[in-house]
Amino acid sequence: MNTADFIPNNFNFSIEKASYKWQTPSNIALVKYWGKSNPQIPKNASISFTLNNCHTITSIDFEKKDSEGIEFEIYFEGNKKEEFKPKITTFFERILEYCPYISAYKMFINSENSFPHSSGIASSASGMSAIAMCLLSLEKELNPNISEDFVKRKASFLARLGSGSASRSIEGPLVVWGEHPEIPESSNLYGVQFPFEVAPIFKEYQDTILLVDKGEKQVSSTVGHNLMFDHPYAENRFKQANDNLNKLSKILQEGAIKDFITLVESEALTLHAMMLTSQPYFILMKPNTLKVINEIWEYRAATGSNICFTLDAGANVHVLYPKNEKDTVQSFIEEKLSQYCQNNQFINDYAGLGGTKI
Ligand code: DP6
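Numbering (our numbering), first residue to last: 1 to 358.
If you want it as structure tokens, here you go:
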């Protein structure tokens with residue numbers, strides 16, 4: 001599908017009022033997206049586990065209006081948030097061509113996250129995908145002929161225009177975003193479910209997120225992505241990521257968990273290596289991030305566990321492990337790793353199935 005396929009032409013505008021509520025999750029990339037061109041086109045393909053417990057719940061009330069233009073109010077956890085408006089306005093302006101109906105309604109957006117406020121967990125993926133699903137619920141009511149597959153595809157397409165990683169938060173448990181020769185149907189415009197059968201060891205994969213640092217990041221993802229222009233290692237990195245996705249696809253199908261560990265940890269460290277070697281350079285890891293990584297390596301060496309880590313663009317550590325190690329690894333996290341977390345806080349999560357309508 002190309003961008004023109006997402007421009008609608010057929011509506012029944014008789015709906016005066018409507019209200020939809022969606023819960024959509026965050027996701028954690030195994031092969032990372034870092035570097036993009038306009039409009040939100042990734043420089044390489046990426047793949048992520050969709051999470052389950054870390055999610056956003058968003059409702060949008062639509063009220064028909066006579067005036068033209070985008071009009072909305074946004075509330076976050078019960079409070080009106082004027083400071084969220086510029087980002088959401090940019091998003092609505094970007095998607096207006098694909099969702100002309102939004103200018104016919106005043107929108108009242110109410111949003112809340114399941115994870116603690118300013119936990120350092122990126123909320124853009126769950127936040128943008130939840131808005132996208134609410135818009136598609138309206139679109140489906142205005143034009144009942146669109147299929148469920150189209151709804152998901154377009155929601156991912158819209159979410160991507162809000163935040164790249166959000167394109168991977170509509171479905172689960174594994175989603176690929178970015179055109180890749182080995183992944184049928186893959187696209188730079190939207191995420192697709194990983195199309196192959198995954199070995200049992202990778203089903204309901206566990207992710208405990210250690211809240212090492214809950215503060216605001218010094219460098220936003222958007223700024224970080226831009227630093228990949230003129231980056232001395234950029235071209236190699238984009239090629240490596242696509243090669244890694246190819247390898248990971250086989251690993252997931254074959255159940256080669258030791259290779260999974262090596263590849264996933266290398267991806268995390270490479271992402272941060274790109275930050276260390278940007279101009280200007282920056283460091284998002286904190287001392288406790290490194291302490292946790294070393295503890296994980298020691299534990300793995302001592303016990304033969306299949307625990308491993310990944311990082312997103314921040315100091316928090318995602319601890320990944322198969323479901324059959326849930327009890328032992330969670331004891332290790334409580335006894336050993338929680339001391340490196342702010343207020344000993346961590347969130348137990350696992351690979352889930354994507355958004356749900358409430
Ligand atoms: C490190 O999706 O947050 O988490 O498209 O500018 O909103 P924007 O960036 P964003 O970048 C995510 C980067 C990452 C890796 C990943 O999720 O693939």
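Even for Gly, the Cβ is constructed at its ideal location relative to N, Cα and C. Here the structure is a predicted model, which means the values were calculated and not measured.
Could you check if residue i is buried or exposed, using at least 16 other CB atoms within 10 Å of its CB as the buried criterion?
{"i": "residue 236", "result": "exposed"}
{"i": "residue 281", "result": "exposed"}
{"i": "residue 164", "result": "buried"}
{"i": "residue 258", "result": "exposed"}
{"i": "residue 303", "result": "exposed"}
{"i": "residue 268", "result": "buried"}
{"i": "residue 4", "result": "exposed"}
{"i": "residue 218", "result": "exposed"}
{"i": "residue 162", "result": "buried"}
{"i": "residue 42", "result": "buried"}
{"i": "residue 189", "result": "buried"}
{"i": "residue 334", "result": "exposed"}
{"i": "residue 344", "result": "exposed"}
{"i": "residue 13", "result": "exposed"}
{"i": "residue 274", "result": "buried"}
{"i": "residue 229", "result": "exposed"}
Does any heavy atom of the ligand FMN sit closer than 8 Å to the C-beta of residue i?
{"i": "residue 29", "result": "Questions concerning the ligand FMN fall outside what the structure shown contains, since the ligands it does hold are the ligand DP6."}
Which of the three DSSP states is assigned to residue i in this structure?
{"i": "residue 203", "result": "coil"}
{"i": "residue 349", "result": "strand"}
{"i": "residue 134", "result": "helix"}
{"i": "residue 313", "result": "coil"}
{"i": "residue 330", "result": "helix"}
{"i": "residue 274", "result": "helix"}
{"i": "residue 244", "result": "helix"}
{"i": "residue 48", "result": "strand"}
{"i": "residue 251", "result": "helix"}
{"i": "residue 360", "result": "Residue numbering for the chain in the displayed model covers 1 to 358; residue 360 lies beyond these limits and cannot be assessed."}
{"i": "residue 193", "result": "strand"}
{"i": "residue 287", "result": "helix"}
{"i": "residue 181", "result": "coil"}
{"i": "residue 265", "result": "helix"}
Checking the sheet assignment: what are the DSSP bridge partners for residue i?
{"i": "residue 321", "result": "206"}
{"i": "residue 25", "result": "55"}
{"i": "residue 61", "result": "19, 108"}
{"i": "residue 34", "result": "Answer is none; residue 34 lacks a bridge partner."}
{"i": "residue 80", "result": "75"}
{"i": "residue 359", "result": "Examination of residue 359 is not possible in this model, given that the chain is present from 1 through 358 alone."}
{"i": "residue 357", "result": "22"}
{"i": "residue 359", "result": "Residue 359 lies beyond the range of the chain shown here (1 to 358); nothing can be said about it."}
Checklist entry - Does the pairing of the stretch 209-221 with the stretch 346-357 give three or more beta-carbon distances under 8 Å? => result yes
Checklist entry - How do the stretch 189-206 and the stretch 240-247 stand: do at least 3 beta-carbon pairs fall below 8 Å, yes or no? => result no
Next on the checklist: Check whether the stretch 100-114 and the stretch 59-68 are in contact - that is, three or more C-beta pairs closer than 8 Å.
Outcome noted: yes
Next on the checklist: Three or more C-beta pairs under 8 Å: does that hold for the stretch 222-231 against the stretch 21-31?
Outcome noted: no
Item to check | contact_flag[the stretch 130-145, the stretch 176-192] where n(CB pairs < 8 Å) is 3 or more | outcome: no
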